[in-house]
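Enquirer: Sequences listed follow chains A and B, in order.
Once you know that position 72 of the first sequence is 102 in my numbering, the rest is easy, because the numbers rise by one and skip nothing.
Once you know that position 11 of the second sequence is 41 in my numbering, the rest is easy, because the numbers rise by one and skip nothing.
Protein chains: 2
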Amino acid sequence: MTAPCPLCEPAPERVLWQDAEARVILADEPGYPGFCRVIWRDHVREMTDLPAPARARLLALVLAVEAALRAVLAPDKVNLASLGNVVPHLHWHVIPRFEGDPSWPGAVWAPRAREGAARVVDVEALTEAIASAMAAP
Amino acid sequence: MTAPCPLCEPAPERVLWQDAEARVILADEPGYPGFCRVIWRDHVREMTDLPAPARARLLALVLAVEAALRAVLAPDKVNLASLGNVVPHLHWHVIPRFEGDPSWPGAVWAPRAREGAARVVDVEALTEAIASAMAAP
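(1) Please return the same chain residues whose Cβ sits closer than 7 angstroms to the Cβ of D106 (chain B), not counting the five positions on each side in sequence.
(2) Helix or strand or just coil, what does DSSP make of S133 (chain B)?
(3) At what residues does the alpha helix (DSSP H) containing P83 (chain B) begin and finish?
(4) By the DSSP assignment, the beta strand (DSSP E) with V153 (chain A) in it spans what residues?
(5) So, does the CB of A111 (chain B) fall closer than 8 angstroms to a CB anywhere in chain A?
(6) Count the other C-beta atoms from every protein chain shown that fall within 10 angstroms of the C-beta of C38 (chain A), then say buried if there are 16 or more, exposed otherwise.
(7) Counting along the chain, where does the beta strand (DSSP E) carrying C66 (chain A) start and finish?
(8) Applying the 10 Å Cβ sphere with the 16-neighbour rule, what's the burial state of V138 (chain B)?
(9) Determine contact between the segment 91-106 of chain B and the segment 133-152 of chain A, defined as no fewer than three beta-carbon pairs at a distance below 8 angstroms.
(10) State buried or exposed for C32 (chain B), treating a residue as buried only when at least 16 other CB atoms are found within 10 Å of its CB.
(11) With a cut-off of 8 angstroms on the beta carbons, I'd call P135 (chain B) and N115 (chain A) a contact; round off their distance for me.
(12) Of all the options B:V45, B:P60 and B:P81, which has the alpha carbon lying nearest to the alpha carbon of P132 (chain B)?
(13) With distances taken between CB atoms, is the gap from A98 (chain A) to A57 (chain A) smaller than 8 angstroms?
(14) When the cut-off is 8 angstroms and only beta carbons count, does V102 (chain A) lie next to chain B?
(15) Check whether the Cβ atoms of V95 (chain B) and C66 (chain B) lie closer than 8 angstroms to each other.
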C-alpha cells in the first residue's frame, strides 16, 4: 500500500482562496507568519506537466499571493519555491521573509539561527487581498 | 560605498542562453550538476515589480529551462525557486534533483547528508534544448 498523497487528502487546512483548479492555504509554519502555499488540485508532478494555460493560471495565483503578502505584511523579501521532492504534487511556497526571521537571510530550509520575532497576520485582510489580486485584470 | 550587485556585474559565467531581458547560466553548484540560474537583466527585486508581460516572459524562460533539464538529464524532480534574500536582484534557481544527491529529499539549502554521485552534464545538448524550448510556440 502506498500512503495517500497529503495534498490530495489533506488534514484540515486554513483555506484563503480556492477554485476548481487550485487553492491557497495559510501554512503559518512556526517562525514564518504569513507563509502560504498554493496547491494545484490535480496530482501533477512538475510545472511542465501542465498545459500552458494551466501553468499561466497557477503562476498568476502564486503572484497574486505575493502581491497580497506585500500589501498586507510589507515583508523585506518574498520567497517563491516549488520543490516537491517529498510530496511530488505540484505546490508553491510563497513566503514573506523578514530580516531577523529564524533563518534570514538563508532559505527557510536552511538551519534556523534564531527564534525570530512574533508577528500577527491579519488573515481577513490577507484573504481579501488575495481575492482582490485575483480579480484584477 | 555599497558593494556592486554580483548579478549586475557578474564574475565570468557559463551562459547557456540570453537575450536583451534575461540570461540562463549553468551554475553547476558542487554536488548539483545541471543547476541553472535564470537571471533577469534589470536590477528588480520581486516578480510583482515586473509588468505582466515581463513576468510571463521570465516564467516562460524558467519553464523552458525546466523542460530542457528534463529532456537532457531526466531528473527525479525539478526544483524552482526565487529567493533573493542575499542578492535582491530577480533570479530563479532551476535545479535538477536526483535521489541520493547531497541533500535529497531536502531542499538544496538544507544541510548536506552525503556527497552525492558525480554526473556529467552534456552542456551542448542542454544549450540546444533550452534554445529549442524557447523557440517552441
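Backbone N, C-alpha and C define an ideal beta-carbon position, used for all residues, glycine too.
Expert: Here's the rundown:
(1) Excluding residues within five positions, the ones whose Cβ falls inside 7 angstroms are R127, F128 and E129.
(2) Reduced to three states, the DSSP call for S133 (chain B) is coil.
(3) Where P83 (chain B) is concerned, the enclosing alpha helix (DSSP H) stretches over A82 to L103.
(4) Not the beta strand (DSSP E): V153 (chain A) falls in the alpha helix (DSSP H), residues V153 to A165.
(5) Closer than 8 angstroms to some Cβ of chain A, the Cβ of A111 (chain B) qualifies, so yes.
(6) In this structure C38 (chain A) is exposed. Its beta-carbon is surrounded by fewer than 16 other beta-carbon atoms within 10 angstroms.
(7) Per DSSP, C66 (chain A) belongs to the beta strand (DSSP E) from C66 to W70.
(8) Around the Cβ of V138 (chain B), a 10 Å sphere holds 16 or more other Cβ atoms; the residue is buried.
(9) Because the criterion of three Cβ pairs below 8 angstroms is not met, the segment 91-106 of chain B and the segment 133-152 of chain A do not touch.
(10) Here residue 32 (chain B) is Thr; the residue named in the question, Cys, does not match the sequence. Answer is exposed; the Cβ neighbour count stays below 16.
(11) That pair is a contact at about 4 angstroms.
(12) For P132 (chain B), the closest alpha carbon among the candidates B:V45, B:P60 and B:P81 is that of B:P60.
(13) Against a cut-off of 8 angstroms, the Cβ pair of A57 (chain A) and A98 (chain A) comes out as no contact.
(14) Not one beta carbon of chain B lies nearer than 8 angstroms to the beta carbon of V102 (chain A).
(15) Cβ distance < 8 angstroms, so V95 (chain B) and C66 (chain B) count as in contact.
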